[in-house]
Amino acid sequence: MDGLQTRLREAGTHLEHLAITHKTVIGLADRLPASPPELPEYTRTTRASSLSSTR
């Protein structure tokens, strides 16, 4: 019985942490830009060449 109470208490703690995380994510969602930021040209070239070299 003690083991079950401990597990229930731990589950409650995890649920509280998830609720806090949910609230944080929802609160930050309106701060995200509508589209990803434009990358500088050298970054796009580097990423494209690294992708083609891995194929």
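Take -9 as the starting number for the sequence shown in our numbering and just add one per residue. Every residue, glycine too, gets a C-beta built ideally from N, C-alpha and C. Remember, it's a predicted structure, so these values are computed and weren't measured experimentally.
As assigned by DSSP and simplified to three states, the class of residue i
i, result
"Arg(-1)", "helix"
"Asp20", "coil"
"Leu(-6)", "helix"
"Glu6", "helix"
Alpha-carbon to alpha-carbon, residue j and residue i
i, j, result
"Pro26", "Ala19", "14 Å"
"Leu(-6)", "Ile10", "24 Å"
8 Å CB neighbourhood of residue i in its chain, flanking five on each side removed
i, result
"Glu28", "none"
Closer than 8 Å to chain C by CB, residue i
i, result
"Val15", "Looking at the structure shown, chain C is missing, and only one protein chain is on hand."
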